[in-house]
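Here the protein sequences line up with chains A and B, keeping their order.
Under the numbering used here, read the first sequence as residues 1 to 219, first letter to last.
Under the numbering used here, read the second sequence as residues 1001 to 1112, first letter to last.
These notes are about the structure you will find just below.
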Amino acid sequence: MTRTKQLMRENNAFERALSPEFNQVLTDMVVYLRSAPVSEYNQELVRRDIGRMFLDAQRRGDSPADVIGEDYRQFCDQVLAEVPRLTVRERVLDGLSTSLVCLGVWGVIWFVNRGVLARFFPMAIVWGGWPEIPVTTGDALVTVLILAAAGYLFHSVSRAAFSGSSNLLLIKVFGALAVLLVVGRVFDGLLGYLHFGVVLAGVALCFVLGKVLEHLTDR
Amino acid sequence: MIPSQLLKGTLEGCILAVIRKKPTYGYEIAQQLAAYGFGRIAEGTIYPLLLRLEKNGAVQAQLRPSELGPQRKYYALTERGREELAAFMGSYAELTQAVNRLLADTRKEESP
């Protein structure tokens, strides 16, 4: 386990002692911090510090506003200004790590959606060989779009952490889903076939590389 | 109540002065500053400054157990912090002397 995951686990356990009021504010702050160009480890360190401040304040009978003032976003920006920024290289590696894991997850979903487990596995057993899976232009486009949409929505959710309104966000989510559905249906031209083993290895490679990069960027 | 704009440039040095007495944590620093007449300063105002001081090597942080609840982050002055505090005290003395001279003149001119 990386030290970031370890700290994250400790923070999760620790925050159970916070009241819903403090928890809500801390959650909003963490969501806001997530898209900042600072390492996940530093985000967790800040989360730990604020969590401890909040728990102390809760015991004294203070409110979150007593501890950090009324403008939570301004407080977060002031804190972020003092936390070391990621270099361009670290940001690229960080983005690549996240993208690879997302691609792996999408690969599994695509597998299930294509009926690989339900259709191709029995075929493989009956025919005694691994099948070739058809890939359409829509599959390729949706894969690219889904990664882009996930990144965009993640950023939108994070930036809107203190806005209180989730209507615009819902519109964006459903809009992205609609576009993906349409693209998947419209572009149904066959691009080629991928061997079952190649797809399986690709998905596994995405997870492994993503996790290796996660360890390399764990600071 | 001291206006926050006036306080801005001096708070970092004042925090170093509080920490110089003994290693302490955010809330206690706020309490100490209030006791010296700074008024109520939220812990959230102090925390980013402590992060900056830590980043610059002026203070060193350490988690210590607390009798009431979670571990607290205690800040202690480093050698660099002592130098920064000495520099702040020198600059602040210059500033107060200059302001005092100016205000004394202003008072003289205003008195009939």
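Even for Gly, the Cβ is constructed at its ideal location relative to N, Cα and C.
Near residue i, what residues of its chain come up, given a Cβ to Cβ distance below 6 angstroms and the 5 sequence neighbours on each side ignored?
| i | result |
| --- | --- |
| methionine 29 of chain A | Cys76 |
| valine 142 of chain A | Leu180, Val183 and Gly184 |
| glutamate 107 of chain A | Per the sequence presented here, residue 107 of chain A reads as glycine, with glutamate not at that position. So the list reads Val203, once near-sequence residues are dropped. |
| alanine 36 of chain A | Leu80 |
| leucine 7 of chain A | Glu44 |
| arginine 1107 of chain B | none |
| alanine 1104 of chain B | none |
Closest to residue i by CA distance: which of the options is it?
| i | options | result |
| --- | --- | --- |
| glutamine 1060 of chain B | B/Glu1094, B/Asp1105, B/Tyr1025 and B/Tyr1092 | B/Tyr1025 |
| glutamate 1028 of chain B | A/Ala57, A/Glu44 and A/Ile133 | A/Ala57 |
| glycine 1044 of chain B | A/Gly210, A/Ala176 and A/Ile68 | A/Ile68 |
| aspartate 188 of chain A | A/Ala149, A/Ala176 and A/Ala140 | A/Ala140 |
| arginine 47 of chain A | B/Arg1040, B/Arg1101 and B/Lys1073 | B/Lys1073 |
| glutamine 1031 of chain B | B/Ser1091, B/Asn1056 and B/Ala1042 | B/Ala1042 |
| threonine 1078 of chain B | B/Glu1054, B/Arg1101 and B/Met1089 | B/Glu1054 |
| serine 63 of chain A | A/Leu26, A/Val83 and A/Ser99 | A/Leu26 |
| serine 1066 of chain B | A/Arg59, A/Ala13 and A/Leu86 | A/Arg59 |
| leucine 1016 of chain B | B/Glu1083, B/Leu1095, B/Glu1110 and B/Leu1007 | B/Glu1083 |
| arginine 73 of chain A | A/Trp110, A/Val105 and A/Leu33 | A/Leu33 |
| valine 112 of chain A | A/Ala176, A/Leu200 and A/Ser97 | A/Leu200 |
| arginine 1080 of chain B | B/Lys1108, B/Ala1058 and B/Gly1037 | B/Ala1058 |
| lysine 1022 of chain B | B/Tyr1075, B/Arg1101 and B/Arg1107 | B/Tyr1075 |
| valine 1018 of chain B | B/Ile1046, B/Gln1062, B/Arg1064 and B/Gly1090 | B/Ile1046 |
| alanine 176 of chain A | A/Pro20, A/Leu194, A/Val144 and A/Phe14 | A/Val144 |
| glycine 1037 of chain B | B/Ile1002, B/Leu1051, B/Gly1090 and B/Lys1008 | B/Ile1002 |
| arginine 114 of chain A | A/Arg91, A/Thr87 and A/Leu194 | A/Leu194 |
| glycine 51 of chain A | A/Glu70, A/Val38, A/Thr87 and A/Ala13 | A/Ala13 |
| serine 1004 of chain B | B/Arg1040, B/Arg1020 and B/Thr1106 | B/Arg1040 |
| valine 88 of chain A | A/Met53, A/Glu70, A/Gly61 and A/Val38 | A/Val38 |
| arginine 91 of chain A | A/Thr4, A/Asn167, A/Phe174 and A/Glu40 | A/Glu40 |
Consider the Cβ of residue i: report whether some Cβ of chain A lies at a distance smaller than 8 angstroms.
| i | result |
| --- | --- |
| proline 1048 of chain B | yes |
| leucine 1051 of chain B | yes |
| lysine 1055 of chain B | yes |
Ignore the nearest five residues each way along the sequence and tell me which others in residue i's own chain have a CB closer than 7 angstroms to its CB.
| i | result |
| --- | --- |
| lysine 172 of chain A | Leu153 and Ser156 |
| leucine 55 of chain A | Ala17 and Leu18 |
| leucine 137 of chain A | Sequence check: residue 137 of chain A is threonine here, not leucine. Excluding sequence neighbours, threonine 137 of chain A sits near Phe187, Gly189 and Leu191. |
| arginine 159 of chain A | Ser35 |
| leucine 1006 of chain B | none |
| serine 99 of chain A | Leu147 |
| leucine 169 of chain A | Ser156, Val157 and Ala160 |
| cysteine 102 of chain A | Leu147 and Ala150 |
| arginine 1064 of chain B | Gln1071, Arg1072 and Tyr1074 |
Would you please verify whether the beta carbon of residue i is less than 8 angstroms from any beta carbon of chain B?
| i | result |
| --- | --- |
| aspartate 56 of chain A | yes |
| phenylalanine 14 of chain A | yes |
| methionine 8 of chain A | no |
How many whole angstroms separate the CB atoms of residue i and residue j, which I take to be in contact at a CB cut-off of 8 angstroms?
| i | j | result |
| --- | --- | --- |
| proline 131 of chain A | phenylalanine 196 of chain A | 5 angstroms |
| valine 31 of chain A | alanine 161 of chain A | 4 angstroms |
| phenylalanine 207 of chain A | glycine 104 of chain A | 4 angstroms |
| threonine 2 of chain A | serine 97 of chain A | With 8 angstroms as the limit, threonine 2 of chain A and serine 97 of chain A do not qualify as a contact, their Cβ atoms being about 11 angstroms apart. |
| proline 84 of chain A | asparagine 23 of chain A | With a Cβ gap of about 27 angstroms, proline 84 of chain A and asparagine 23 of chain A do not count as contacting. |
| leucine 93 of chain A | leucine 213 of chain A | 6 angstroms |
| arginine 1052 of chain B | glutamate 82 of chain A | 5 angstroms |
| leucine 1095 of chain B | arginine 1020 of chain B | Contact doesn't hold; Cβ gap of about 20 angstroms is too wide. |
Below 8 angstroms CB to CB, which residues in the same chain sit around residue i once its five sequence neighbours on both sides are set aside?
| i | result |
| --- | --- |
| alanine 1087 of chain B | none |
| alanine 1093 of chain B | none |
| leucine 1049 of chain B | Leu1011, Glu1012 and Ile1015 |
| tryptophan 110 of chain A | Asp139 and Thr143 |
| asparagine 11 of chain A | Glu44, Arg47, Arg48 and Gly51 |
**Study point:** Interface residues of the segment 64-77 of chain A facing chain B [CB-CB below 8 angstroms]
**Key:** Asp66, Val67, Ile68, Gly69 and Phe75
Point to revise | Members of the segment 1029-1046 of chain B near chain A, C-beta cut-off 8 angstroms | key: Within the segment 1029-1046 of chain B, those residues whose Cβ lies closer than 8 angstroms to any Cβ of chain A are, in chain order, Ala1042, Glu1043, Gly1044 and Thr1045.
Review point. Between the segment 80-95 of chain A and chain B, which residues of the former have a C-beta closer than 8 angstroms to a C-beta of the latter?
Key: Ala81, Glu82, Val83 and Pro84
Review point. Using a beta-carbon distance cut-off of less than 9 angstroms, what residues from the segment 34-56 of chain A approach chain B?
Key: Val46, Arg48, Asp49, Ile50, Gly51, Arg52, Met53, Leu55 and Asp56
Practice item. Quick one: which residues of the segment 1005-1031 of chain B get their C-beta closer than 9 angstroms to a C-beta of chain A? List them in chain order. Key: Those would be Tyr1025, Gly1026 and Tyr1027, in chain order.
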